[in-house]
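The next block holds one structure in the form of C-alpha cells; read it before the comments.
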Amino acid sequence: MNTANWTIEKLYQLIANHQLTGVMFHTEASRYLKFLGLKNLAELQHSQALDEWQDLECTEDTYLQRHELMLVPTAENYDKLTPAEALSTKVQTVGREFKRKTLSHFIERWADWENETEVLYSTAVKWCIESGCADMLHFKKLLCDVCKEKTRLTFLRDKMSLSDWDLVASENLVYDLSTDESKTVENHKTV
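Using the working numbering, the first residue of the sequence shown is number 187, and each one after it goes up by one.
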C-alpha cells in the first residue's frame, strides 16, 4: 500500500470509504444469506454491519473533533456479493449443493475482506507512528477490533470446512457462538 502522498485527511477518507463499503458488504451478505436460509449466519452479518456502521460514525466523529472537518464517505469500489441470477430466483429452487458452495465462497470472501481491512488499519497505524500523528490511537483500536474479528472468523471457517460446509452444522456453530456469551473462541478451540 503506497502511503507516499497520504495526508491525515486522505487517510481518514480512505478509512471512512472502506468502512462504508464494509457496511454495504455485511448488509448485502445478511440479505443474501437470509435468502439462502442461513438465518444464523445472516443475523451475524447484520450484527457485523451494525458494528461497521458504529466504527464509521466513530471515525467521522473523531475526524470532526480533532480536525474540525467533515468526511463524506463513498463506496465507489464496492463489488456486489449477490449474483444477478439470485435476484430473479425463487428460494425454493435453490438446492443444497449450491448453498454449500455459496457458504464456502462467502466465508472466503469475508476472510479476504477482513485481511484487506487489517492491512489498511495496520498501515494507518504505521503511517501515524512515522509521521508523529496522535490519531494513531483511533486506528490502533480499529486494528485491535479487526484482529479479534479475524480470530473469530478463522475459527468459524475452520470448523465449517471440517464439516465439509454442512449447512446445519454451520448454522448450529454460529448459533452456539452467538448465544453463549460466556464462551469465547479460545474456549471453543478445545472442542
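Glycine residues also receive a C-beta, built at the ideal position from the N, C-alpha and C atoms.
Please state whether DSSP places M187 in a helix, a strand or coil. coil
Please say whether H253 and Y307 have beta carbons closer to each other than 9 angstroms? no
Simplified DSSP state of L197, which is helix, strand or coil: helix
Below 8 angstroms on the Cβ atoms is my contact criterion, and I expect E357 with N226 to pass it. Report the Cβ-Cβ distance as a whole number of Å. 5 angstroms
Segment contact, 8 angstroms Cβ cut-off, at least three pairs: the stretch 200–208 with the stretch 230–248: At 8 angstroms Cβ cutoff, the stretches touch.
Endpoints, the alpha helix (DSSP H) within which D298 is located: R282 to S317
Going by the CB atoms, is the gap between A297 and K336 shorter than 9 angstroms? yes
Which of the three DSSP states is assigned to Y264 in this structure? DSSP, reduced to helix, strand and coil, places Y264 outside both helices and strands of the structure shown, so it counts as coil.
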